[in-house]
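Written below as structure tokens is the structure these notes are about.
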Amino acid sequence: AEEANEPALFRLPRLGKGAPMHPQRPTVAVSAPGKVLLTGGYLVLDRQHTGLVLGLSARINVVAGEITSGQGVQLSEMVVDSPQFLNAQWRYGYHLAPEGGGIKVTQLQVGSKIWRNNFVETTLSYVLTYVNHVLPRQAIGSARLIILADNDYYSETPDTAGRFARFAVPLTEAHKTGLGSSAALVTAIVAALLSHYLPEDGFDVSSAKGRATLHNIAQAAHCAAQAKVGSGFDVAAAVYGSCAYRRFSPELLSRLPEAGAAGFSKALAAVADGGLDNEIASEGMGMPVGVTLHMCDVDGGTQTVGMANKVLAWRGRDPDGCSELWERLQGANDAFAHRLRHGPSNMLPDAIHAVRALVREMGRLSDVPIEPERQTELLDAVSAVDGVYGGVVPGAGGYDALALLARDDDATRRRLVARLSQWAEEKGSRVRLLAVRGETDGVRQEDLDVYSGWL
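Residues in the sequence shown are numbered from 419 upward in steps of one, following our numbering.
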């Protein structure tokens, strides 16, 4: 009876000749939220400073299950599908590397072209290595992952779309809105596979211990996939939702061997089981009653790597000036966070203006368009709308989606939408209010019925 309830793509084979000798594993669905770094852009790179990161209602969803034996799949193969996009399937083989190197994943050729998805490939190596560390005598077998992204991650969404749009383009041609899809993807893959492979007493995504393990593996995998050790605020939000965040010491991950290298398995397990020193405070970090977060897409997400490098180069040239400005900005950020949590909300505009002024000063001194002039004009225009407290160019700045704080009522939203429409017409540019809202929840298990028609 249980087997009949499994989605068709994941229906379990009956044990027989050639079947993998491991317990039946559940088909599980997990989602992780996107994020917006409301305050703390650039400062969050330094352990002396903190950032306020909000979770969003836009989620990356991953369903993990075993594959039926009759689907042309090898006994040690991972199949990953992103069915919203054209030609978005990746197949991977894997093997146990020598000298404690963990599980090494290798992409298999599918069709005439092969293109890599570094975030998926790296994350598979990391999470399967940890699974093998915990259950060394149990075959991993084959699994299929299905990835579904909420529409607000992408700028161009078909008008007729439900929660998950079908895009008539490959994934590489999709225009992102800058809500943190890579961190949510890595987190959801790790959570789905840990939930699929490990018994509930070994991993529970809703428990504090389970979330800590998930967070640490996802941080390590995300840094490896990016080929740099970032601050990690985006992974923290994907796991814990809205939080105040202080980064981990970078050397804790920079010294981790590569997947497949000698000693990788043991080193990753040490990180997973408590080897990071970041500070995450998620209690009471959501929106206060009567205030809501809106995201405004300006169509043209920024590549932030070059911007961050230029800010850090300025810091190297003028460490004293940078340090003094960052201290003032941290103070303004803290004052804003206090106003947000404790009110009164009519004092939010002044707190937001103080933060923006210092961010623009940092941009001027570092010669980086953190709050570009076009974004300044748009923020000033929407901040004048009745019921809108103000907004910021979040994170590293540039042309990613704007974050706006406003009264949580329909009349304010209508006025805001009308002003954005007027702005777009006047400037000949495309701006729109995303459906996404601020959300306190982090990673969570989902009911499979949510994905009806996709499995």
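The beta-carbon is built from N, C-alpha and C at its ideal position, and this holds for glycine as well. Values in this document were obtained by computation on a predicted structure and should not be read as measured data.
Distances from the alpha-carbon of P554 to those of V849, P812 and I521 put I521 closest. The beta carbon of W841 sits closer than 7 Å to those of L796, A799 and V849, all from its chain and outside the five residues before and after it, given in chain order. For I521, the uninterrupted beta strand (DSSP E) segment begins and ends at I521 to L526. Distance check between L851 and each of R862, G860, F621 and S839 places S839 closest, using alpha-carbon atoms only. The region 443-460 and the region 535-544 do not touch, with fewer than 3 CB-CB distances between them shorter than 8 Å. Taking C-beta atoms under 8 Å as the contact rule, L566 and F582 qualify, at a distance of about 5 Å. Bounds of the beta strand (DSSP E) holding Y510 are Q507 to L514.
Its Cα nearest to that of S870, the residue P501 stands out among L461, E484, G459 and P501. S600 places its beta carbon 8 Å or farther from that of I485. Residue environment for Q466: exposed (fewer than 16 other C-beta atoms within 10 angstroms of its C-beta). Residue range F651 to Y658 is occupied by the alpha helix (DSSP H) that includes Y658.
Taking a 10 Å sphere around the C-beta of W732, we find 16 or more other C-beta atoms and assign the residue as buried.
For T457, the enclosing beta strand (DSSP E) has its first and last residue at V446 to T457.
Membership of E779 in any beta strand (DSSP E) is not indicated; the residue belongs instead to the alpha helix (DSSP H) covering L766 to S784. Annotation: the region 829-868 contains the following complete segments of the beta strand (DSSP E) (minimum length 3 residues), in chain order: 850-855 and 862-864. Taken in chain order, the whole beta strand (DSSP E) runs of length 3 or more contained in the region 643-719 are 661-664, 697-699 and 709-715. When rounded, the separation of the alpha-carbon atoms in L546 and I558 is 8 Å.
By alpha-carbon distance to L694, the top candidate from A679, L670 and M705 is L670. Within the same chain, no Cβ atom closer than 6 Å to the Cβ of W533 is found once the five residues on either side in sequence are excluded.
Straight across, the Cα-Cα distance linking M780 with T445 is about 48 Å.
Rounded to whole angstroms, the Cβ separation of I564 and L823 is 35 Å, and the two are not in contact under 8 Å. Here R443 has E484 and H614 as same chain residues with Cβ atoms under 6 Å from its own Cβ, once five neighbours each way along the sequence are excluded. K594 is bridged by DSSP to Y572. For L474, the uninterrupted beta strand (DSSP E) run begins and ends at G469 to G483, by DSSP.
Around the beta-carbon of H513, fewer than 16 other beta-carbon atoms lie within 10 Å, marking it exposed.
Annotated three-state conformation of G628 is helix, per DSSP. Counting every other CB atom within 10 Å of its CB across the protein chains shown gives R664 a total of 16 or more, marking it as buried. D619 sits in coil when the DSSP states are folded into three classes, being neither helix nor strand. For the pair R855 and T710, the CB atoms are nearer than the 8 Å cut-off.
By a beta-carbon distance limit of 8 Å, L589 contacts A506. Their separation comes to about 5 Å. Annotation: L455 to V471 spans about 4 Å, alpha carbon to alpha carbon.
In the structure shown, V811 falls within a coil segment according to DSSP collapsed to helix, strand and coil. In the three-state DSSP reduction, L589 falls in the helix class (H, G or I). Take the alpha-carbon of Y807 and the one of T457: they are about 15 Å apart.
Rounded to whole angstroms, Q748 and G809 show a C-alpha spacing of 17 Å. Residue environment analysis places H756 among the exposed positions, since fewer than 16 neighbouring C-beta atoms fall within 10 angstroms of its C-beta.
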